[in-house]
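J.: Have a look at this one before I ask anything.
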Amino acid sequence: MSPKKTYGLTFFILLLVLLCCFGINLSLGSVSIPFSKVVSSLFGTSEPDNLSYIILNYRLPKAITAIIVGSGLGVSGLLMQTLFKNPLAGPYVLGITSGASLGVAILILGSSIFGGFLATFLMSKWSLVIAASLGSFLVLLTVLLVANKVKDTMTLLIIGLMFGSLTSAIVSVLSYFSNAEQLQQYIFWGFGSLGDLDWTSIQILCMVYVIGLIGCILVIKTLNALLLGDQYAKSLGVNLKKSRLLIIIATSLIAGSITAFAGPIAFIGLAVPHLTRQLFKSTNHSTLIPAVLLFGAILMLICDSVAQLPSSDYTLPINAITSFIGAPVVIWLLVRKRKMIF
Amino acid sequence: MLIASNINFNLNTGELVGLVGANGIGKSTLLRTLTQLQPALSGEIYINNKPLSSYSNSILATQLSLVLTDKSLSKNLSVFELVALGRQPYTNWIGKLTETDVALINTSLEQTHSLELSDKKCYELSDGQLQKVLIARALAQDTPLIILDEPTTHLDMYHKAYILKLLQGIAKTAQKTILFSSHEINLAIQLCDQMLVMTPEKTYFNQPCQLIEQGTFETLFPEEIISFDKISGSFVVKK
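Chain order of the listed sequences is W and Y.
Here our numbering is used: the first residue of the first sequence is 1, the next is one more, and so on.
Here our numbering is used: the first residue of the second sequence is 1001, the next is one more, and so on.
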């Protein structure tokens, strides 16, 4: 009889793995930098030269972004899977990422319509975050409303897909009216990238991410109740409307802000919660949430290290790598059907 | 429209009460109304002499627990985790289980003879086992009133009797009021203290033997195919 398994050791090992991946990620890149130099740059013990500049202003922000992106998308995937009682739910599948893309597209491509002072304001980093979060919130709200009407798993996913198409349709219309420079800016954003964030952007992303995470922690108990289904949750004293709203606000803040800065990143949100459930044989969100955070961060650091193509000048688009890793994982989980439960 | 109306009854502590009636008569609607899953169409419901509508969600959760036919729960939950969720109305903001909680969870598992299942995952359970575990969850919620919606569906004849006998035992030993809806009229007649029989004309509430004497069960279904035999206290198919 083991009422509460303790996962202390597993968490400790995951934390060590995370540190290793962080170190490896910092040491790899187009310029080869010895590990000792990486460490001394980080702790400020080496004289400021080109190499330590690369470490502190290029690789460190990128590694931090990878951690935020991986853990954030993982946790929003977990929240979506529990809320929709659907193992295939995730920010990318449900159209949350599309919603964020739409917000960004309207902002980048539509700024030519406004122009002048308003355009400068619209292009500020804060408005990017607000537009993306708002976009994902609206899409999520709509999907949730539809999900209350139709209980069918497939329908929900198809609706998510439709939002994707709808978004690309609106984007094509917008791009028709925008200039080449803006279009290029939007397309590059769409590839997804972890390396484009300066320290100010990271600060903004961090702030929104932390607010979202606090929301996640507040709904842990509710999420556990939701595992029984809505009616049982209500009979356990859960205020369904309020907690649903809190969950989708937290998700859209996290997934929206990440998408705003790093572009749409595929599969991480879907795959990480499932991989974590394999490792931790628990459904309790007070275990799953920290586990997903760690696991998502590790996976994203690995993806980014691979994307760097160590010791070459080329960098692959991050989305290609996450899909290479994520898609087979999802197929594998589907084949072992029983394990694909939320 | 064959919908029951004028439903009046009182439930007392330690009683097992069966709710029977034809399909579509409004059994589920009645149960959903009693449990506040849907608002009352009309009338008043009182728990401990206080109107049901005056209870907040979280207070009601300490008075009334449910076993539903809704099987949309996560099959990835372990039996212990599922039963532990019954403690939610009492745990702190993050749902941490105290020693008292764990003890109560184990007692509930024992009462439903499912202690040996506690490390299993829900997808490994048979329908009968899952039903026992769901009853354990309701017990762990530690409410004076337990309401079950068709707890015997999908079960074989043995398990139907097993589950209802289990409920009878719990009502007596743990002094709970248990109300369940069922199509197992023959079993309910044998096991219930009181029965609620919904017919289009009237809803009857009485002890099973008196309901038989009054001839209530004859009015339950059209007489062409099945009829009620007063002597054996069960329905028989017409030859």
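Where a beta carbon is used, it is the ideal one built from N, C-alpha and C, also for glycine.
Just to confirm the assignment, what range does the beta strand (DSSP E) spanning Asn1206(Y) have?
T.: Thr1203 to Asn1206
J.: Is the Cβ of Gln278(W) closer than 8 Å to any Cβ of chain Y?
T.: Between Gln278(W) and chain Y, the shortest Cβ-Cβ separation is not below 8 Å.
J.: Would Val1020(Y) be called buried (16 or more neighbouring beta carbons within 10 Å of its own) or exposed?
T.: buried
J.: Going by C-alpha to C-alpha distance, which of Leu1016(Y), Ile1007(Y), Phe1009(Y) and Asn1008(Y) sits closest to Pro1144(Y)?
T.: Leu1016(Y)
J.: Put Asp1149(Y) into one of helix, strand or coil per three-state DSSP.
T.: coil
J.: Verify the CB distance criterion: does Tyr7(W) have a CB-CB separation below 8 Å to chain Y?
T.: So, not an interface residue.
J.: Are Gly269(W) and Gly8(W) closer than 8 Å when you measure CB to CB?
T.: no
J.: Using the Cα positions of Leu14(W) and Cys21(W), report the straight-line distance between them to the nearest angstrom.
T.: 10 Å
J.: At which residues does the alpha helix (DSSP H) containing Phe35(W) begin and terminate?
T.: Phe35 to Leu42
J.: Since Ser98(W) and Phe191(W) should fall inside the 8 Å C-beta cutoff, what is the C-beta to C-beta distance between them, to a whole number of angstroms?
T.: About 16 Å separates the beta carbon of Ser98(W) from that of Phe191(W), a gap too long to meet the 8 Å contact definition.
J.: Among residues of its own chain, excluding the 5 on either side of Ala100(W), which ones have a beta-carbon nearer than 6 Å to its beta-carbon?
T.: Around Ala100(W), the same chain offers Ala132, Gly135, Ser136, Gly256 and Thr259 as residues with beta carbons nearer than 6 Å, after the five sequence neighbours per side are excluded.
J.: So Phe1228(Y) is in the beta strand (DSSP E); what residue range does that whole segment cover?
T.: Ile1226 to Asp1229
J.: Give the list of continuous alpha helix (DSSP H) stretches no shorter than 4 residues that lie fully inside the stretch 1150–1221 of chain Y.
T.: 1157–1173, 1185–1191 and 1208–1214
J.: Lys234(W) by DSSP, collapsed to three states: which one?
T.: The DSSP-derived three-state label of Lys234(W) is helix.
J.: What number of angstroms, rounded off, separates the C-alpha of Asn86(W) from the C-alpha of Cys1209(Y)?
T.: 48 Å
J.: Take the Cβ of Tyr1158(Y) as the centre, count every other Cβ of all protein chains shown within 10 Å, and call the residue buried at 16 or more, exposed below.
T.: exposed
J.: How big is the Cα-Cα spacing for Tyr53(W) and Glu47(W)?
T.: Put simply, the backbone Cα of Tyr53(W) is about 10 Å away from that of Glu47(W).
J.: Under the assumption that Lys221(W) contacts Ile1094(Y) (Cβ atoms under 8 Å), give the Cβ distance between them as a whole number of angstroms.
T.: 6 Å
J.: Please decide whether Ser1074(Y) counts as near chain W, where near means a Cβ-Cβ distance under 8 Å.
T.: For Ser1074(Y), the answer is yes, since a Cβ of chain W falls inside 8 Å of its Cβ.
J.: Taking Leu1220(Y) as the reference, which of Ser1232(Y), Lys1239(Y), Leu1196(Y) and Ile1047(Y) has the closest Cα?
T.: Ranking Ser1232(Y), Lys1239(Y), Leu1196(Y) and Ile1047(Y) by Cα distance to Leu1220(Y) puts Leu1196(Y) first.
J.: Please report the straight-line C-alpha distance between Asp198(W) and Thr65(W), rounded to a whole angstrom.
T.: Each residue's Cα considered, the two are about 10 Å apart.
J.: Compute the distance between the beta-carbons of Ala307(W) and Leu316(W), then report whether it is under 8 Å.
T.: The Cβ-Cβ distance between Ala307(W) and Leu316(W) falls below 8 Å.
J.: Please state whether DSSP places Val69(W) in a helix, a strand or coil.
T.: helix
J.: Distance check for Ile130(W) and Val173(W), CA to CA, integer angstroms please.
T.: Computed Cα separation, rounded: 22 Å.
J.: Let me confirm a value: Tyr1046(Y) is counted as buried when at least 16 other C-beta atoms fall within 10 Å, else exposed. Which label applies?
T.: Residue burial annotation: Tyr1046(Y) is exposed, with fewer than 16 other C-beta atoms found within 10 angstroms of its C-beta.
J.: Hey, could you find the ends of the alpha helix (DSSP H) Ser323(W) is sitting in?
T.: Ile318 to Val335
J.: How about Asn1057(Y): is its C-beta nearer than 8 Å to some C-beta of chain W?
T.: yes
J.: Do the CB positions of Phe261(W) and Ser201(W) come within less than 8 Å of each other?
T.: Yes; because the gap between Cβ atoms is below 8 Å, this pair is in contact.
J.: Given that a residue counts as buried once 16 or more other Cβ atoms are within 10 Å of its Cβ, and exposed if not, what is Arg336(W)?
T.: exposed
J.: Which residues in the same chain have their Cβ closer than 8 Å to the Cβ of Leu1002(Y), if we skip the five residues on either side of it in sequence?
T.: Unreliable positioning characterises Leu1002(Y) in this predicted model, as indicated by a pLDDT of 48, which lies under 50. The coordinate reading is nonetheless provided below. These residues qualify, in order along the chain: Ala1022, Gly1024, Ile1025 and Pro1200.
J.: Touch check for the stretch 240–250 of chain W and the stretch 279–289 of chain W: three-plus C-beta pairs under 8 Å?
T.: no
J.: Are the CB atoms of Ala1140(Y) and Gly237(W) nearer to each other than 8 Å?
T.: no
J.: Reducing DSSP to helix, strand and coil, say where Leu94(W) ends up.
T.: coil
J.: Any beta carbon from chain W within less than 8 Å of Pro1089(Y)'s own beta carbon?
T.: yes
J.: I'd like to check one pair, Leu183(W) with Ser175(W): are the Cβ atoms closer than 8 Å?
T.: yes
J.: What is the rounded straight-line gap between the Cα of Asp196(W) and the Cα of Ala105(W)?
T.: Looking at the backbone, the Cα of Asp196(W) and that of Ala105(W) are separated by about 18 Å.
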